[in-house]
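Below: one structure, written as structure tokens.
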Amino acid sequence: MLRSVFLIPLLPLAGFVILLATGRRLGNPRAGWLATLMVAASFVVTIVVFVGLFRLPVTGRSYTQTWFTWISAGHLHVDMGLLVDPLSMTMAAFVTGVSALIHLYSIGYMEHDEDFSKFFVYLNLFVAAMLLLVLADNFLLLFLGWEGVGVCSYFLIGFWFERDSAASAAKKAVIFNRIGDAAFLVALFLIYERTGSLEYHTVFARLGSLGQPSLVAIGLLLFAGAVGKSAQIPLYPWLADAMEGPTPVSALIHAATMVTAGVYLMCRISPILFRAPDAGHVIAVIGAVTALLGATIACAQNDIKKILAYSTISQLGYMFFAAGIGAYDAAIFLMLTHAFYKALLFLGAGSVIHAMNDDQDVKTMGALARFMPITAVTFLIGWLSIGGVPPFSGFWSKGDVLLNGFASNPALWVVGAVTAVLTAYYLGRAYLLVFRGEQRWVEARVPGDGHGHDGYHPHDPSWVMSAPLVVLGVLSVLGGLINLPVHGSLDFLDRWLSPVFGSRLFQHHWSVGGEWTFALIDAALAVLGVGLSITLWGKTSERPAVEPTFLRRAWYIDWAYDRFIARPSTEVAIETSSVVEAEVIDGAVNGVAGLVRSTGRQLRKVQTGYVRNYALGLTAGLVLVLAYVLTRVS
Amino acid sequence: MSVGASWYLTLAAVLFTIGATGLLIRRNVLVMFMCVELMLNAANLTFVTFARSLNDIAGQTAVFFVLVVAAAEVVVGLGIIVSIYRRRPGATADDVHGLRG
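Quick note, the sequences are listed as chains A and B, same order. Here the working numbering is used: position 62 in the first sequence is 69, and no number is missing along the way. Here the working numbering is used: position 89 in the second sequence is 135, and no number is missing along the way.
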């Protein structure tokens, strides 16, 4: 069973190749169905391998499959190998599962798009790259997947590249990622230089001989890579702009693939972080601050997708917070449940945008619940789930993070708790503005004429789009079941992952009373946020007092990037192209050419064509040489 | 009066000078060509002279090489000269200066 692991990344890759060759001929919607089937098949294989791994004894739950030697140069030896362990299989399972649902949804969402098949080409490649990243058994292969995910995100964010904003958002994503990737590469060099290998097991086995500075440097450089990929401070602005892509892409990037890669990386390098507690502190602090920052910005956004984007940044901050303090289980748990409810929220937002003719401003919506009951209910579930209202999945996963957070660092717990209130609040605001309150749009006079100019005709989407919503809704409600804290025998995820993290895991064991107290506090925080949003936004759609400009402008951080980095560098570029390029560089090139030409013009006079001149030259030369020799000799 | 090595060397120097001067001042291609031969053989004469006075066979060997090369040169050179005269009878070396810069 374990041996079929190679199929997991290869199936989506095969889908990519087939669609690349025959996508246009397959057309709409068969290309979409093929892509969905490939990912779904990959999910089935993942489950098979998962079960196979589960049957092994707890201590032996690790299996490496080597395909071939990828690089063999001197002492550097890198295999193309897949690692099957509880961590990689957990990741693979939710990546394939959620991606399959998003693929299914995309068939409906993209049905009117001209480049229907091209979209699925990218989507399949995206999933394949993510699976390679997750299943790699060495850092270099992980990096290959890492870059594959990056390039696919570029293609997909810029999918509607005719729009300037989409094209520049795609570039922004690549540039921000590149900064992190550079750090990642340096980390790889450092790992190889210090341990002589890039393979996980070998590297981790040799960590004992490394000094504290190297460990901290490796940990922080890898974290810098994760900061770029997972949109943490200071490299987060690309994620908000990445909303320019089609909504299923946003769902895919935010929920299942790409941004979770950074958290996965932190969990994967737990042996390094365990030995470098300083790096862990930095990660925890940046995570917590990012969580708060993302949540505050999300409170004042009007674009429904921007709200969700900043919410993702905030939730990822939670995950890094958990990973930083060593509570990897909590990070993975939150990542799993987040994948469910964030995919749900994004797909719900996609349905709303679809129904409102690509309008994304929540202020122009309202009262949509009457017209789109399925979307409204699932979005409500998503809200309550991310807000941490019991017994939805978010309550358990966020509770797990906060519980360990308090035990590790009470100051950061306060940040996390404030963020929890804000999370419940800003998504409540989004839900109420979109689905409740008064109707702030004009209904189409003729039913079915939703695409005319005289108004909207919102409705629930077709079943291919509704079905994923419902499935994800159920998962969002029940997701907490995989790791319940109440009783020692119910924490399935913790026990499943324990062979991976072992004693490196930070897990504070509270008394039952302590756990209940925290559960009550979490629930109170969530209810506070929910109540706040209902009080403030239940009736009205305009409250400038709680939407200050500095929050709407995202703390002016985007502006600062633009003002202090982008614009000066543009000016430098313009300056160099007009002055340095035109005068210095061109001048040097033309000067050399002119010099050669004038020398040649002088020298051509020597070439007279008369043999006697040449003979005279020869004789003169001979006389000179003879004279020289004779004077030297004597 | 014995004829010493210096006589031969003087003769060779005289021959070389005649050849070099002829090459520089004459315009007739055929004559210039003969002057070149004169210079070559002047050099040959020095080689032979030194070979004999130093009792070293290497000098005579060099003469054979020069003769062979000179023979080859004559073949090519005369071929060129004949083809020049065929195109323009009575041409001098100065008339053939198509390759000037």
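Cβ coordinates follow ideal geometry from the N, Cα and C atoms, glycine included. Note that the coordinates shown come from a computational prediction; the quantities given were computed from them, not determined experimentally.
Look at the Cβ atom of Phe3 of chain A, then the Cβ atom of Gly423 of chain A, and state whether they are nearer than 8 angstroms.
-> One cannot answer for residue 3 of chain A here, as it falls past the ends of chain A, which runs 8 to 641.
Does any CB atom of chain B fall closer than 8 angstroms to the CB of Ala627 of chain A?
-> No, Ala627 of chain A does not count as interfacial toward chain B.
Could you tell me which residues DSSP pairs with Met1 of chain A in its beta bridges?
-> A question about residue 1 of chain A goes unanswered here, because the residues of chain A that appear run from 8 up to 641.
Taking the alpha-carbon positions, what's the Asp456 of chain A to Leu111 of chain A distance?
-> Residue placement at Asp456 of chain A is flagged as unreliable, the pLDDT there being 46, under the threshold of 50; the coordinate-derived value follows with that caveat. Take the alpha-carbon of Asp456 of chain A and the one of Leu111 of chain A: they are about 26 angstroms apart.
What are the start and end residues of each continuous beta strand (DSSP E) run of 3 or more residues lying completely inside the stretch 294-372 of chain A, in chain order?
-> Fully enclosed beta strand (DSSP E) runs of 3 or longer: not present.
Nearest-angstrom Cα distance between Leu642 of chain A and Phe499 of chain A?
-> The question about residue 642 of chain A has no answer here: the residues shown for chain A are numbered 8 through 641.
If you follow the alpha helix (DSSP H) that Met472 of chain A is part of, which residue opens it and which one closes it?
-> Taken as a continuous stretch (DSSP letters only), the alpha helix (DSSP H) holding Met472 of chain A covers 470-485.
Contact between the stretch 306-314 of chain A and the stretch 263-277 of chain A: three or more CB pairs below 8 angstroms?
-> Taking a cut-off of 8 angstroms for Cβ pairs, the stretch 306-314 of chain A and the stretch 263-277 of chain A do not touch, as fewer than three such pairs fall below it.
Which bits of chain A does Ser70 of chain B rub up against, with CB to CB less than 8 angstroms?
-> A small fix is needed here, since residue 70 of chain B is Leu in this sequence, not Ser. Chain-order list of chain A residues neighbouring Leu70 of chain B: Arg619, Ala622, Leu623, Thr626, by C-beta distance under 8 angstroms.
Around the Cβ of Gly459 of chain A, are there at least 16 other Cβ atoms within 10 angstroms (buried) or fewer (exposed)?
-> Reliability of the predicted coordinates at Gly459 of chain A is poor, the pLDDT of 47 falling under 50, and the value obtained from them is presented with this limitation in mind. Classification for Gly459 of chain A: exposed.
Would you check if the distance between the CB atom of Leu195 of chain A and the CB atom of Phe150 of chain A is smaller than 8 angstroms?
-> Cβ distance < 8 angstroms, so Leu195 of chain A and Phe150 of chain A count as in contact.
8 angstroms contact criterion, which Met250 of chain A and Lys178 of chain A should meet: CB distance rounded | Beta-carbon to beta-carbon, Met250 of chain A and Lys178 of chain A are separated by about 15 angstroms, too far to satisfy the 8 angstroms threshold.
Beta-carbon proximity of Tyr648 of chain A to Phe508 of chain A, cut-off 8 angstroms = This structure gives no information on residue 648 of chain A, because the portion of chain A shown stretches from 8 to 641.
Name, going along the chain, the residues of the stretch 589-611 of chain A whose beta-carbon falls closer than 7 angstroms to a beta-carbon of chain B.
-> Residues Arg611.
Quick one, which of A:Met342, A:Thr319, A:Val223 has its alpha-carbon nearest Val289 of chain A's?
-> Out of A:Met342, A:Thr319, A:Val223, A:Val223 has the C-alpha closest to the C-alpha of Val289 of chain A.
Return the residue from the list B:Asn74, B:Ser52, B:Met85 that minimises the CA-CA distance to Leu61 of chain B.
-> With distances taken between Cα atoms, Leu61 of chain B lies closest to B:Met85.
Counted within 10 angstroms of its Cβ, other Cβ atoms place Glu590 of chain A as buried (16 or more) or exposed = With a threshold of 16 other beta carbon atoms within 10 Å, Glu590 of chain A falls short and is exposed.
Chain-ordered chain A contacts of Arg132 of chain B [CB-CB under 9 angstroms] | Under the 9 angstroms cutoff, chain A gives no residues; its nearest Cβ is about 19 angstroms from Arg132 of chain B.
Based on the DSSP secondary-structure assignment, which residues constitute the bridge partners of Tyr70 of chain A?
-> For Tyr70 of chain A, which the question treats as bridged, DSSP gives the partners A:Val91.
Own chain, CB closer than 6 angstroms to Trp562 of chain A, minus 5 neighbours either side, in chain order = For Trp562 of chain A, where only same-chain residues beyond five positions count, there are no Cβ hits under 6 angstroms.
Quick one: residues in its chain with C-beta nearer than 7 angstroms to the C-beta of Gly152 of chain A, no 5 flanking neighbours on either side, listed in chain order?
-> So the list reads Ala136, Met137, Leu139, Leu140, Ala143, once near-sequence residues are dropped.
Is any beta-carbon of chain B found at less than 8 angstroms from that of Val640 of chain A?
-> Closer than 8 angstroms: no.
To which residues of the same chain is Val256 of chain A closer than 6 angstroms at the C-beta, ignoring the five residues directly before and after it?
-> In chain order, Leu163 place their CB closer than 6 angstroms to the CB of Val256 of chain A, counting only its own chain and leaving out the 5 sequence neighbours on each side.
For Ser613 of chain A, go through chain B and note every residue whose CB falls closer than 9 angstroms to its CB, in chain order.
-> First, the residue type needs correcting, since residue 613 of chain A is Val and not Ser in the sequence shown. Listed along the chain, the chain B residues whose CB falls inside 9 angstroms of the CB of Val613 of chain A are Gly147.
Evaluate Ala190 of chain A with the Cβ neighbour count: other Cβ atoms within 10 Å of its Cβ, from every protein chain shown; 16 or more gives buried, anything less gives exposed.
-> Per the 10 Å Cβ criterion, buried.
Starting from Arg550 of chain A and walking both ways along the alpha helix (DSSP H), at which residues does that stretch end?
-> It is not in any alpha helix (DSSP H) - Arg550 of chain A carries neither H nor E in the DSSP assignment.
Return the Cβ separation of Thr264 of chain A and Val102 of chain A in integer angstroms, given the expectation that the two are a contact with Cβ distance under 8 angstroms.
-> Indeed they touch by this definition, with Cβ atoms about 6 angstroms apart.
Residue burial classification, Tyr635 of chain A (beta-carbon count within 10 angstroms, cutoff 16) = Tyr635 of chain A should be labelled exposed.
Helix, strand or coil: which one does DSSP assign to Ala143 of chain A?
-> In the structure shown, Ala143 of chain A sits in a strand (DSSP, three-state: E or B).
Gly616 of chain A: contacting residues in chain B (beta-carbon distance under 7 angstroms) = Around Gly616 of chain A, the beta-carbon contacts reaching into chain B at under 7 angstroms are His143, Gly144, Leu145, Arg146.
Near Phe133 of chain A, which residues of its chain fall below 7 angstroms by C-beta distance, leaving aside the five closest residues on each side in sequence?
-> Here the set comprises Val156, Cys159, Leu163, Leu259, Thr264.
What residue ranges within the stretch 590-629 of chain A form continuous alpha helix (DSSP H) runs of no fewer than 4 residues, ordered along the chain?
-> Fully enclosed alpha helix (DSSP H) runs of 4 or longer: 593-610.
Should the stretch 109-125 of chain A be called in touch with the stretch 51-66 of chain A, which here means at least 3 C-beta pairs below 8 angstroms?
-> Below 8 angstroms, too few C-beta pairs join the stretch 109-125 of chain A and the stretch 51-66 of chain A to call them touching: fewer than three.
Report yes or no: do the stretch 351-370 of chain A and the stretch 424-432 of chain A share at least 3 C-beta pairs separated by less than 8 angstroms?
-> Segments in contact, no.
Minimum C-alpha distance to Leu227 of chain A - residue among A:Pro244, A:Ala291, A:Ala262, A:Asp368 | For Leu227 of chain A, the nearest C-alpha among the options comes from A:Ala291.
Between Gly333 of chain A and Thr297 of chain A, is the Cβ-Cβ spacing less than 8 angstroms?
-> Not in contact: Gly333 of chain A and Thr297 of chain A (Cβ atoms no closer than 8 angstroms).
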